[in-house]
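The listed protein sequences derive, respectively, from chains P and U.
So in full-length UniProt numbering, spot 177 of the first sequence is number 177, and the numbers just go up one at a time.
So in full-length UniProt numbering, spot 759 of the second sequence is number 759, and the numbers just go up one at a time.
Have a look at the structure below, then the notes.
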Amino acid sequence: MNKRYVMVHDENKCIGCQACNVACRTENDVPDGVARLQVRVEGPFGEMPNLHYSYARISCQQCEDAACIKVCPTGAAYRNDDGIITINKDKCVGCQYCVAACTYKVRFMNPVTRVADKCNFCTDTRLKRGEQPACVTVCPTNALVFGDANDASSEVAQIIATRATYRDKVHLGAEPRVYRIPAKKGGIAS
Amino acid sequence: MIKLDRRAFLKGAGASGAACAFSGGLPGSIAAMGAEPLKGSATAVNSMCEMCSTRCPISARVVDGKTVFIEGNKAAKSFGGKVCARGGAGHSLLYDPQRIVKPLKRVGERGEGKWQEISWEQAYAEIAEKMQQIKQQHGAESVVFSSKSGSEHGYVFDLAKAYGSPNTFTHFSLCPGAYGVAAQVMFGTKVKRDLGNSKYIINFGHNLYEGINMSETRGLMKAQMEKSAKLVVFDPRFSVVASKADEWYPVKPGSDIAIALALNHVLIADNLYDKAFVERYVAGFEQFAAQMRDYTPEWAASLTDVSAKDIRRIAHELAKAAPHAVVDFGHRNTFTPEEFELRRAIYAANVLIGNFERKGGIYAGKKAKTYNKFAGADVAPSLAKPGVKIPSPTAERIDTYDKQFSLVASMGGVYQSILDTFETGKPYPIHGWIMARTNPMQTMTDRARIEKVLKGLDLVVACDLYISETAAYADYMLPESTYLERDEEIADKSGKNPAYYVRQQVVEVIGDTKPAWQIFRELGIKLGYQDYYPWDDIHTLQLAQVHKDYALLKRIKTEGYVSFGKPLMLREPKMVADFTAEFATAIAADDDGSYGSHLKFKTPSGKIELYSDTVEALVAGRGNIVFRDVTLKQPDELYFIQGKVAVHTNGATHNVPMLANLMSDNAVWIHPKTAAARGIADGDKIRLTSSAGSEEGKALVTKGIRPDTVFAYMGFGSKNRELTRATGKGIHCGNLLPHQTAPISGMCVHTTGVKLEKA
Numbered sequence: 001m002n003k004r005y006v007m008v009h010d011e012n013k014c015i016g017c018q019a020c021n022v023a024c025r026t027e028n029d030v031p032d033g034v035a036r037l038q039v040r041v042e043g044p045f046g047e048m049p050n051l052h053y054s055y056a057r058i059s060c061q062q063c064e065d066a067a068c069i070k071v072c073p074t075g076a077a078y079r080n081d082d083g084i085i086t087i088n089k090d091k092c093v094g095c096q097y098c099v100a101a102c103t104y105k106v107r108f109m110n111p112v113t114r115v116a117d118k119c120n121f122c123t124d125t126r127l128k129r130g131e132q133p134a135c136v137t138v139c140p141t142n143a144l145v146f147g148d149a150n151d152a153s154s155e156v157a158q159i160i161a162t163r164a165t166y167r168d169k170v171h172l173g174a175e176p177r178v179y180r181i182p183a184k185k186g187g188i189a190s
Numbered sequence: 001m002i003k004l005d006r007r008a009f010l011k012g013a014g015a016s017g018a019a020c021a022f023s024g025g026l027p028g029s030i031a032a033m034g035a036e037p038l039k040g041s042a043t044a045v046n047s048m049c050e051m052c053s054t055r056c057p058i059s060a061r062v063v064d065g066k067t068v069f070i071e072g073n074k075a076a077k078s079f080g081g082k083v084c085a086r087g088g089a090g091h092s093l094l095y096d097p098q099r100i101v102k103p104l105k106r107v108g109e110r111g112e113g114k115w116q117e118i119s120w121e122q123a124y125a126e127i128a129e130k131m132q133q134i135k136q137q138h139g140a141e142s143v144v145f146s147s148k149s150g151s152e153h154g155y156v157f158d159l160a161k162a163y164g165s166p167n168t169f170t171h172f173s174l175c176p177g178a179y180g181v182a183a184q185v186m187f188g189t190k191v192k193r194d195l196g197n198s199k200y201i202i203n204f205g206h207n208l209y210e211g212i213n214m215s216e217t218r219g220l221m222k223a224q225m226e227k228s229a230k231l232v233v234f235d236p237r238f239s240v241v242a243s244k245a246d247e248w249y250p251v252k253p254g255s256d257i258a259i260a261l262a263l264n265h266v267l268i269a270d271n272l273y274d275k276a277f278v279e280r281y282v283a284g285f286e287q288f289a290a291q292m293r294d295y296t297p298e299w300a301a302s303l304t305d306v307s308a309k310d311i312r313r314i315a316h317e318l319a320k321a322a323p324h325a326v327v328d329f330g331h332r333n334t335f336t337p338e339e340f341e342l343r344r345a346i347y348a349a350n351v352l353i354g355n356f357e358r359k360g361g362i363y364a365g366k367k368a369k370t371y372n373k374f375a376g377a378d379v380a381p382s383l384a385k386p387g388v389k390i391p392s393p394t395a396e397r398i399d400t401y402d403k404q405f406s407l408v409a410s411m412g413g414v415y416q417s418i419l420d421t422f423e424t425g426k427p428y429p430i431h432g433w434i435m436a437r438t439n440p441m442q443t444m445t446d447r448a449r450i451e452k453v454l455k456g457l458d459l460v461v462a463c464d465l466y467i468s469e470t471a472a473y474a475d476y477m478l479p480e481s482t483y484l485e486r487d488e489e490i491a492d493k494s495g496k497n498p499a500y501y502v503r504q505q506v507v508e509v510i511g512d513t514k515p516a517w518q519i520f521r522e523l524g525i526k527l528g529y530q531d532y533y534p535w536d537d538i539h540t541l542q543l544a545q546v547h548k549d550y551a552l553l554k555r556i557k558t559e560g561y562v563s564f565g566k567p568l569m570l571r572e573p574k575m576v577a578d579f580t581a582e583f584a585t586a587i588a589a590d591d592d593g594s595y596g597s598h599l600k601f602k603t604p605s606g607k608i609e610l611y612s613d614t615v616e617a618l619v620a621g622r623g624n625i626v627f628r629d630v631t632l633k634q635p636d637e638l639y640f641i642q643g644k645v646a647v648h649t650n651g652a653t654h655n656v657p658m659l660a661n662l663m664s665d666n667a668v669w670i671h672p673k674t675a676a677a678r679g680i681a682d683g684d685k686i687r688l689t690s691s692a693g694s695e696e697g698k699a700l701v702t703k704g705i706r707p708d709t710v711f712a713y714m715g716f717g718s719k720n721r722e723l724t725r726a727t728g729k730g731i732h733c734g735n736l737l738p739h740q741t742a743p744i745s746g747m748c749v750h751t752t753g754v755k756l757e758k759a
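See the structure below:
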């Protein structure tokens, strides 16, 4: 396993338009009422006229040290050959341990399949066909970049090396693989 | 082609619950009718979106027999192969159990919601009979025709012409019209903006990050991220575009014009304008400059709540970035009765900084005819306009009864004049209304008045996908195939160079629906106008469009979007150099490396007209760009303004399952101070009351709005029962907006005063 697939979300470029959310639902057959991926626009924070919104991607963080895998009693939650955490539907018994254990609260029970579900970077759909994840494909403003961070020539590796990025809740030690480029308040980072 | 199972598809689209709830409910719906198993293409088909009016080039394919995955067509560079939430959700409309797939005839009172399924033949026969009857009794001009602009309006308006009615209306006066009319008057042509190459952008509430126009939205982001462009936004609301701006000014609603005028004042008074450009290309500068003398930043500050210091500085920064700078002329031009002057004032600032046909400025589209003239050869194919010339009706249009609207009449008409004319009977009474894919009950103002008009007509026909709020009052509902189910003629998408694209069928037609071209052709033939419909299908028409060039047609259909040549802006030396290097036969550049000597304007003076004799002749005192004070609200009221959201389109998408799930309500934005004064907390039920009507909604208490203003996203709060997911959710803006038409531009004004209380 020498790949390290990561997603970079540039919060300067994100406009919260939900194109990613819709594309993800379509590609991965996500039922109503649950979501593998959302962008939450929150705020405004600050005082007029110095206000700002936050644009946050909410989805599986593909933790290097993943609680969902540790707690799964049947091996349904596992790391694929490409390093992406995915779910073996046949092995899932619906115990919801993974839902409870998820550091980022992004796992859910799929009301149609009755098994645990979450973002897997489209590994079994688009990646399998040699395409980019659905959200990256459609993002109107190119706010998402996806690729193998172990490949130094990849765009994601270069972004991580050269841009200020942060990851959510790193103090919990799960080592998430979703990187965020923070928005410069009141303007766009160059 | 693969076989699809409809049940699996509905399940896949997440609409199975709705299918059960609706089973057998609404006559003519997918749920009630059932449908044959579906067939669709598993390989990508390049086509054209229709979830909003931008009509982005898309690429769509059926995936695993369950869903249609829609993305942008990568061949269209400025669109980047991208698609927004609305575009990506198109398939959920396609298989929506509530969608109407069989012609319907009203059996109860208009708007009562009682329908009967009928055959197309019966629908055509009965509509044609009624139309003939009205024509004999009252004249053809007493039937009005309206349609959303785009592919539909051509088919509907051809029928109007054949029938003999001059009264055809598009969405123009309800949304974008003023910038079109203003451009026509000043430049003699429509203009485009080159946001992607701009280094300084002034924006008056053009919220491109929510009202997404893919190419322009991407251009704005490109300018900000790659060109480090500065973005200055004036908007009473903290919109997404405001949140991404370098500077945001919560300007007083409807007062933007004072800022635009003050920018012009500073550019002239401080000698910042491009004198050479003005001298060479502009007429009426003296009258204009004299008028601008009074519009100081100090004057504007008193009206707008933006400081004079900031306005003056912004004008200087704009001039410094010129010519690669732009004052954005907006999209939804419905803020104030002075829209015509506002949009002219904005154009004037662009003229003063000499950004016409310069990178990052404004420019005129280069269709094949113009482009080839510069290239000295046919480097881009021209499209033919095949067809039979239908004689123009001789009766006067209802909107030119008031002569000041003669400019708009030729562009899309004053839509809301249908209501005025119905009430006054001037210049003559109206008896019928035939419409396609238009929903004036959501996009026009004074809903109650529209309802009254629709109830009072002899014949109302609606062609739509759902029983829209307006279609609910029709006598006949003609179900159109969605854009994913139909082929259409080739469309021109030229920008800086010529480009064409085409809408193509992705899945086979569901139920008993037809494309608009076929519906209005068949109705026309039933009326006896077969001579005006020389082709049987769209493929014959497409072939005629490309002058029977099979290879070209094949290329356009395969690639979906084809552009020719290199981008050209006539006053951009580098682009002109690239152009002349590319085409050996090209016209030689001027001494300064530009095509500046070839720049002509189709105005009476042949120049850009900062003062217009044409307009002066229509309404005395309007030739020059003049500020007029307007009353948009009473002292004890709040301003009520609206805007677009990224996941919905005006009056069209609120019932589409996937989009309704994303957002089904429009909570009203209220400033904390304003809310507190009325004892309103976030999430509380509130009531808005205006001179036109009253609406109950939910409060969104937020600092992102001026204390004297409330805001709501438009298109929500439908009132007819058929749109189950959208009805009764949120406030209906059209029920709060009184009827008011802006002079010259004919715009339907969308700002008014409301009283706010806890419900």
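No residue lacks a Cβ here, since even glycine has one placed at the ideal position from N, Cα and C.
This one's a predicted model, so the numbers in the text were calculated from it and none came from an experiment.
| On the three-pair Cβ rule with 8 angstroms, is the stretch 169-188 of chain P touching the stretch 11-18 of chain P? | yes
Output the distance between the C-alpha atoms of cysteine 60(P) and leucine 523(U), rounded to the nearest integer angstrom.
For the purposes of this step, residue 60(P) is taken as residue 60 along the first sequence, with counting starting at 1. For the purposes of this step, residue 523(U) is taken as residue 523 along the second sequence, with counting starting at 1. Using only the alpha carbons, I get a separation of about 54 angstroms.
| Contact set for proline 567(U): own chain, Cβ-Cβ below 7 angstroms, skip 5 residues either direction | The residue labelled residue 567(U) in the question sits at position 567 within the second sequence. Excluding sequence neighbours, proline 567(U) sits near Lys496, Asn497 and Met575.
- prompt: What's the C-alpha gap between glycine 72(U) and isoleucine 58(U)?
  reply: As a first step, residue 72(U) is located in the second sequence; it is residue number 72 there, counting from the start. As a first step, residue 58(U) is located in the second sequence; it is residue number 58 there, counting from the start. Their backbone Cα atoms lie some 4 angstroms apart in a straight line.
Rounded separation between serine 594(U) and asparagine 350(U) - CA only: Within the second sequence, residue 594(U) is the residue found at index 594, counting from 1. Within the second sequence, residue 350(U) is the residue found at index 350, counting from 1. Rounded to whole angstroms, serine 594(U) to asparagine 350(U) spans 19 angstroms at the Cα level.
- Task: Express the C-alpha separation of leucine 618(U) and aspartate 629(U) in angstroms, rounding to a whole number.
- Result: In the second sequence, residue 629(U) corresponds to position 629, counting from 1. In the second sequence, residue 618(U) corresponds to position 618, counting from 1. When rounded, the distance between both Cα atoms is 21 angstroms.
How would you write the range of the beta strand (DSSP E) that aspartate 492(U) sits in, first residue to last? Here the question's residue 492(U) lines up with position 492 in the second sequence. Counting along the chain, the beta strand (DSSP E) containing aspartate 492(U) begins and ends at 490-492.
At a CB distance below 7 angstroms, what residues from the stretch 250-270 of chain U approach chain P? Give them in sequence order. Pro250
Across which residues does DSSP place methionine 225(U) in a beta bridge pair? On the second sequence, residue 225(U) is found 225 positions in, with the first residue counted as 1. BP columns for methionine 225(U) are empty, so no partner.
Checklist entry - Taking buried to mean at least 16 other C-beta atoms within 10 Å of its own C-beta, is serine 563(U) buried or exposed? => result Counting from one through the second sequence, the residue named residue 563(U) turns up at place 563. Answer is buried; the Cβ neighbour count reaches 16.
### Query
So lysine 673(U) is in the alpha helix (DSSP H); what residue range does that whole segment cover?
Indexing the second sequence from 1 puts residue 673(U) at position 673. Note, lysine 673(U): alpha helix (DSSP H), 672-677.
* Among residues of its own chain, excluding the 5 on either side of lysine 366(U), which ones have a beta-carbon nearer than 7 angstroms to its beta-carbon? -> What you label residue 366(U) is simply residue 366 of the second sequence in a count that begins at 1. Cβ within range, chain order: Ser494, Lys496, Asn497, Pro498 and Leu568.
| said: Looking only at its chain, what residues have a beta carbon closer than 8 angstroms to the beta carbon of lysine 114(U), apart from the 5 residues adjacent to it on each side? | reply: Residue numbering aside, residue 114(U) sits at position 114 when the second sequence is read from its first letter. Arg106, Val107 and Gly108.
task = Verify the CB distance criterion: does tryptophan 669(U) have a CB-CB separation below 7 angstroms to chain P?
result = Here residue 669(U) corresponds to residue number 669 of the second sequence, with the count starting at 1. It does not: the Cβ of tryptophan 669(U) has no partner Cβ on chain P nearer than 7 angstroms.
- request: Taking only the alpha-carbon atoms, compute the straight-line gap between tyrosine 166(P) and alanine 56(P) and give it to the nearest angstrom.
  value: For this step, residue 166(P) is matched to residue 166 along the first sequence. For this step, residue 56(P) is matched to residue 56 along the first sequence. So the two alpha carbons sit approximately 12 angstroms from each other.
| message | With a threshold of 7 angstroms between beta carbons, is leucine 51(P) in contact with chain U? | response | Here the question's residue 51(P) lines up with position 51 in the first sequence. Answer yes: the Cβ-Cβ gap between leucine 51(P) and chain U drops below 7 angstroms somewhere.
* Name the chain P residues whose beta carbon is nearer than 9 angstroms to that of cysteine 84(U)? -> If you number the second sequence from 1, residue 84(U) lands on position 84. By Cβ distance, chain P contributes Cys17, Gln18, Ala19, Val22, Val138 and Pro140.
Check: Relative to the C-alpha of isoleucine 311(U), which residue among Glu488(U), Asp270(U) and Ala660(U) is closest?
Finding: Here residue 311(U) is taken as the residue at index 311 of the second sequence, counted from 1. Checked all of Glu488(U), Asp270(U) and Ala660(U); the closest Cα to isoleucine 311(U) is Asp270(U).
Could you please give the first and the last residue of the uninterrupted alpha helix (DSSP H) stretch that includes glycine 90(U)?
As a first step, residue 90(U) must be located in the second sequence, where it is residue number 90. Its alpha helix (DSSP H) spans residues 90-94.
Checklist entry - Is there a Cβ from chain P that is less than 7 angstroms from the Cβ of glutamate 71(U)? => result Start at 1 with the first residue of the second sequence, and residue 71(U) comes out as number 71. It does; some Cβ of chain P falls within 7 angstroms.
Do you know whose CA, among Glu64(P), Val99(P) and Ile15(P), lies nearest proline 73(P)'s CA? Translated into positions along the first sequence, residue 73(P) becomes position 73. Looking at the Cα atoms, Val99(P) is the closest of the given residues.
Sheet register partners of arginine 61(U) (DSSP bridge): Mapped onto the second sequence, residue 61(U) falls at position 61. Partner(s): Phe69(U).
Determine the chain P residues that contact methionine 221(U) at a beta-carbon separation under 7 angstroms, and present them in chain order.
As a first step, residue 221(U) must be located in the second sequence, where it is residue number 221. The contacting residues are Lys13 and Thr141.
TODO: Using the Cα positions of serine 23(U) and valine 656(U), report the straight-line distance between them to the nearest angstrom.
DONE: For the purposes of this step, residue 23(U) is taken as the residue at position 23 of the second sequence. For the purposes of this step, residue 656(U) is taken as the residue at position 656 of the second sequence. Any reading at serine 23(U) is ruled out, since the residue's pLDDT is 43, under 50, leaving its predicted position unreliable.
**Asked** Does the Cβ of valine 137(U) have 16 or more other Cβ atoms within 10 Å, making it buried, or fewer, making it exposed?
**Response** Walking along the second sequence from the start, residue 137(U) turns up at place 137. The question names valine, yet the displayed sequence has glutamine at residue 137(U). Classification for glutamine 137(U): exposed.
Helix, strand or coil at glutamate 600(U) according to DSSP, with G and I counted as helix | For the purposes of this step, residue 600(U) is taken as residue 600 along the second sequence, with counting starting at 1. With the sequence shown as reference, residue 600(U) is identified as lysine, and glutamate is not the correct amino acid for it. In this structure, lysine 600(U) counts as coil in the three-state DSSP scheme.
For histidine 547(U), does the count of other Cβ atoms within 10 angstroms reach 16, so buried, or fall short, so exposed?
-> Taking the first residue of the second sequence as 1, we reach residue 547(U) at position 547. So histidine 547(U) counts as exposed.
Quick check: is the beta carbon of glutamine 740(U) nearer than 7 angstroms to any beta carbon in chain P? For the purposes of this step, residue 740(U) is identified with residue 740 of the second sequence, where counting begins at 1. It does not; no Cβ of chain P falls within 7 angstroms.
Flag phenylalanine 22(U) as yes if its beta-carbon sits less than 7 angstroms from any beta-carbon of chain P, otherwise no.
Here residue 22(U) refers to the residue found at position 22 when the second sequence is read from its first residue. In this prediction, phenylalanine 22(U) scores a pLDDT of 40, lower than 50, which makes its location untrustworthy; no coordinate-derived value is stated.
Quiz item: Would a C-beta distance cut-off of 7 angstroms place glycine 46(P) and serine 54(P) closer than the cut-off?
Solution: In the first sequence, residue 46(P) corresponds to position 46, counting from 1. In the first sequence, residue 54(P) corresponds to position 54, counting from 1. Cβ distance not < 7 angstroms, so glycine 46(P) and serine 54(P) don't count as in contact.
Determine the DSSP secondary structure at phenylalanine 131(U), reduced to helix, strand or coil.
Here residue 131(U) refers to the residue found at position 131 when the second sequence is read from its first residue. Sequence check: residue 131(U) is methionine here, not phenylalanine. Three-state result, methionine 131(U): helix.
(request) Classify alanine 551(U) as buried or exposed, calling it buried when 16 or more other Cβ atoms lie within 10 Å of its own Cβ. (result) Mapped onto the second sequence, residue 551(U) falls at position 551. Classification for alanine 551(U): exposed.
At which residues does the beta strand (DSSP E) containing methionine 477(U) begin and terminate?
For the purposes of this step, residue 477(U) is taken as residue 477 along the second sequence, with counting starting at 1. Its beta strand (DSSP E) spans residues 476-479.
Same chain, Cβ closer than 7 angstroms to tyrosine 124(U), neighbours up to 5 away in sequence not counted:
Numbered from 1 along the second sequence, position 124 holds the residue referred to as residue 124(U). So the list reads Glu522, Leu523 and Lys526, once near-sequence residues are dropped.
Self-check item: C-beta contact flag for glutamate 341(U) and isoleucine 625(U) at 7 angstroms
Solution: Within the second sequence, numbered from 1, the residue matching residue 341(U) stands at position 341. Within the second sequence, numbered from 1, the residue matching residue 625(U) stands at position 625. It is a contact, given that the beta carbons lie within the stated cut-off.
With a CB to CB cut of under 7 angstroms and the five nearest residues on each side skipped, what residues in its chain are close to aspartate 682(U)? Position 682 of the second sequence holds residue 682(U). The residues are Ala699, Leu700 and Val701.
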